[in-house]
Amino acid sequence: MARTILDVLVKPNPSLDSRYVTPGSNTANDKWIPVNNWRIWRDFTYDNLMSIYRKVLQASWSTAPSIDEGSGHDIEIWDEHTLDFFLVRFMFPVVNGALARANEVLQLHEVFYLGPGSWTGSMDWALVSRERVEGGRYYNLLPGDTKLSAKWHPKMGKSSNDGVRYQWSLPLSQATTYSVRSNCRYGFIITDKHLVLVRISSERDGGGLAIGRPPRQLSHRRIISAETDISSGLDAMSLDSFGAQSYSDDNLLNKEFQPPEYVVVPWASHGAGQLTVKMALFCLCLMAGRGDTSVDTDYPAFDSWRKESRHLYRHNTSGLTEKRLPKGARLENPQVTTSHYEDQSQEQGYGDEEGQDALDGDEEGYGEGDAMLPEADEEIAIGEQQQLIQSGTCSSSSKGKRVVFTVQLKVKDGNFYFRDFQENRIWTTRTDWTISESGWQYTDGSYIYFAERLPRGM
Numbered sequence: 001m002a003r004t005i006l007d008v009l010v011k012p013n014p015s016l017d018s019r020y021v022t023p024g025s026n027t028a029n030d031k032w033i034p035v036n037n038w039r040i041w042r043d044f045t046y047d048n049l050m051s052i053y054r055k056v057l058q059a060s061w062s063t064a065p066s067i068d069e070g071s072g073h074d075i076e077i078w079d080e081h082t083l084d085f086f087l088v089r090f091m092f093p094v095v096n097g098a099l100a101r102a103n104e105v106l107q108l109h110e111v112f113y114l115g116p117g118s119w120t121g122s123m124d125w126a127l128v129s130r131e132r133v134e135g136g137r138y139y140n141l142l143p144g145d146t147k148l149s150a151k152w153h154p155k156m157g158k159s160s161n162d163g164v165r166y167q168w169s170l171p172l173s174q175a176t177t178y179s180v181r182s183n184c185r186y187g188f189i190i191t192d193k194h195l196v197l198v199r200i201s202s203e204r205d206g207g208g209l210a211i212g213r214p215p216r217q218l219s220h221r222r223i224i225s226a227e228t229d230i231s232s233g234l235d236a237m238s239l240d241s242f243g244a245q246s247y248s249d250d251n252l253l254n255k256e257f258q259p260p261e262y263v264v265v266p267w268a269s270h271g272a273g274q275l276t277v278k279m280a281l282f283c284l285c286l287m288a289g290r291g292d293t294s295v296d297t298d299y300p301a302f303d304s305w306r307k308e309s310r311h312l313y314r315h316n317t318s319g320l321t322e323k324r325l326p327k328g329a330r331l332e333n334p335q336v337t338t339s340h341y342e343d344q345s346q347e348q349g350y351g352d353e354e355g356q357d358a359l360d361g362d363e364e365g366y367g368e369g370d371a372m373l374p375e376a377d378e379e380i381a382i383g384e385q386q387q388l389i390q391s392g393t394c395s396s397s398s399k400g401k402r403v404v405f406t407v408q409l410k411v412k413d414g415n416f417y418f419r420d421f422q423e424n425r426i427w428t429t430r431t432d433w434t435i436s437e438s439g440w441q442y443t444d445g446s447y448i449y450f451a452e453r454l455p456r457g458m
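Under the UniProt record's numbering, the sequence shown is numbered contiguously, ending at residue 458.
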């Protein structure tokens with residue numbers, strides 16, 4: 001029987017030997033966004049992920065990488081460096097191979113790769129794409145960090161000891177700051193015992209994480225990115241060292257934030273029907289690469305769709321598209337406002353050996369990718385962006401409101417254009433566009449045209 005992507009992703013992970021790790025404290029920085037609590041990310045479940053990515057996960061994978069078992073020395077974890085070495089050799093090749101295979105299944109032109117964070121700045125890990133490079137560096141589409149279970153464990157957050165809870169809060173503060181600075185709602189922390197995924201939300205009413213603190217002025221401040229045992233010989237990295245994303249202003253960093261949502265995936269979780277470390281990380285990479293990732297106050301339902309045009313529906317989490325709304329699918333505008341965050345006393349069970357409880361998911365499979373098939377003298381959609389009309393207040397000193405149109409850049413005879421609100425063809429070059437926090441914008445009087453990215457070669 002042919003193996004599927006899912007078959008490979010739910011295989012057991014090697015058991016790591018962490019007895020050599022010396023306990024200690026976590027890196028601290030008073031410029032990080034403080035995190036004092038968190039709340040369960042309830043809809044990040046095996047069943048929901050199967051509903052969203054069924055076509056990908058059930059695709060055959062005959063070319064899955066063959067990873068040797070290594071020796072007994074390879075599973076010895078002494079510090080973060082040895083854990084990073086293990087991840088690069090035994091875990092991430094499977095995730096990256098699955099991402100490449102997903103690219104083939106969905107017929108996408110953009111390939112994502114989970115690599116070292118130094119490609120983008122000071123994080124330990126970064127999801128990157130060769131389509132998203134600016135200023136000589138990759139954008140970090142999904143920041144991640146490595147920690148050791150001897151120094152950080154999710155259960156530390158339930159401790160009655162203030163010192164223990166403080167140590168628990170530091171990696172979360174670090175991960176939250178990295179995600180916000182990357183303008184990405186997602187992030188992850190990986191240890192020798194767990195994978196912890198987080199989703200960040202900004203606060204609506206000023207009652208969030210940074211309450212009572214003066215606005216942060218983060219440019220030129222210093223920030224330490226990793227444990228002392230692997231960074232003592234390096235200069236501390238500044239928040240401006242986030243590579244291509246350093247163009248962004250600090251408005252988002254000055255906002256208040258709700259307690260982050262989290263899901264804990266035990267290292268030992270494996271087998272059919274179980275959310276595993278590799279499966280969760282693979283799906284999170286797809287979400288960060290193709291879906292909506294900007295930080296907002298509220299998000300639409302995890303497994304829901306929005307209508308962008310008469311014959312185009314886009315999934316709110318994955319970014320995948322369909323010409324028809326799938327059977328039984330939930331339709332929800334991404335601007336929907338939900339209730340304030342749940343009671344912070346909610347907790348998730350996360351023993352070292354237990355898996356995550358699954359919720360009932362949709363049995364309908366869907367998610368055709370956006371194929372790009374270039375042919376001479378034909379109009380080619382470079383990136384299927386939404387065609388919804390949104391209104392919002394301009395950040396400049398203009399009168400009243402400006403109307404924002406999200407547009408789709410196209411190419412004809414080697415030249416690029418988009419359609420304005422009157423359906424006129426507007427020919428454009430790269431110099432016409434200015435970069436913003438979440439993409440690119442073209443200003444024409446009281447109208448702003450927005451694109452998530454510019455096409456290659458523009």
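Glycine included, each C-beta is placed from N, C-alpha and C at the ideal position.
Predicted model, so just to flag it, every value in this text is computed and none were measured.
Ignore the nearest five residues each way along the sequence and tell me which others in residue i's own chain have a CB closer than 7 Å to its CB.
{"i": "Pro171", "result": "Asn26, Asp145, Lys147, Trp152, Ile189"}
{"i": "Pro93", "result": "Pro65, Ile67"}
{"i": "Gly115", "result": "Ala126, Val128"}
Sort out for me which residues DSSP pairs residue i with in a bridge.
{"i": "Ala451", "result": "Trp440"}
{"i": "Asp145", "result": "Ile189"}
{"i": "Asn415", "result": "Lys412"}
{"i": "Ser129", "result": "Phe112"}
{"i": "Val264", "result": "Val196"}
{"i": "Glu134", "result": "Arg137"}
{"i": "Ile5", "result": "DSSP, once it has assigned bridges, lists no residue as partnering Ile5."}
{"i": "Ser202", "result": "Phe257"}
When burial is assigned at 16 or more other CB atoms within 10 Å of the CB, is residue i buried or exposed?
{"i": "Ala272", "result": "exposed"}
{"i": "Trp38", "result": "buried"}
{"i": "Arg185", "result": "buried"}
{"i": "Asp444", "result": "exposed"}
{"i": "Leu331", "result": "exposed"}
{"i": "Gly319", "result": "buried"}
{"i": "Asp162", "result": "exposed"}
{"i": "Pro12", "result": "exposed"}
{"i": "Trp168", "result": "buried"}
{"i": "Ser304", "result": "buried"}
{"i": "Trp427", "result": "exposed"}
{"i": "Asp30", "result": "exposed"}
{"i": "Asp124", "result": "buried"}
{"i": "Asp292", "result": "buried"}
{"i": "Glu69", "result": "exposed"}
{"i": "Gly24", "result": "exposed"}
{"i": "Gly289", "result": "buried"}
{"i": "Asn424", "result": "exposed"}
{"i": "Gly135", "result": "exposed"}
{"i": "Lys323", "result": "exposed"}
{"i": "Lys158", "result": "exposed"}
Within a Cβ cutoff of 6 Å, which residues of the same chain sit near residue i, ignoring the five residues on either side of it in sequence?
{"i": "Pro259", "result": "Asn37, Trp38, Arg39, Gln344"}
{"i": "Tyr449", "result": "Phe405, Val407, Tyr442"}
{"i": "Leu49", "result": "Cys283"}
{"i": "Leu57", "result": "Ile5, Leu6"}
{"i": "Phe302", "result": "Asp43, Asn48, Thr317"}
{"i": "Phe418", "result": "Val407, Leu409, Ile426"}
{"i": "Met156", "result": "Val164, Trp168"}
{"i": "His315", "result": "Trp305"}
Take residue i and list the residues in its own chain whose beta-carbon comes closer than 8 Å to its own, dropping the five residues that flank it on each side.
{"i": "Ile77", "result": "Leu16, Asp17, Ser18, Tyr20, Val21, Leu83, Phe86, Leu148, Asp192"}
{"i": "Arg453", "result": "Glu131, Arg132, Gly383, Gly439, Trp440"}
{"i": "residue 485", "result": "Because residue 485 is not part of the residues shown, which for the chain are 1 to 458, the question remains open."}
{"i": "Asp432", "result": "Tyr442"}
What would DSSP say about residue i, mapped onto helix, strand or coil?
{"i": "Ala175", "result": "helix"}
{"i": "Phe302", "result": "coil"}
{"i": "Leu275", "result": "coil"}
{"i": "Gly291", "result": "coil"}
{"i": "Leu170", "result": "helix"}
{"i": "Trp152", "result": "coil"}
{"i": "Ser391", "result": "With a pLDDT of only 33 at Ser391, under the threshold of 50, the placement of this residue in the model should not be trusted; the figure read from the coordinates follows. Ser391 falls in the strand class under three-state DSSP."}
{"i": "Val10", "result": "coil"}
{"i": "Arg430", "result": "helix"}
{"i": "Arg425", "result": "strand"}
{"i": "Leu286", "result": "helix"}
{"i": "Val407", "result": "coil"}
{"i": "Leu16", "result": "coil"}
{"i": "Lys307", "result": "strand"}
{"i": "Asn330", "result": "The sequence shown places Arg at residue 330, not Asn. Looking at Arg330 - three-state DSSP - the assignment turns out to be coil, as it is neither helix nor strand."}
{"i": "Arg181", "result": "helix"}
Those runs of the beta strand (DSSP E) which lie wholly inside the region 27–103 and span at least 3 residues: none
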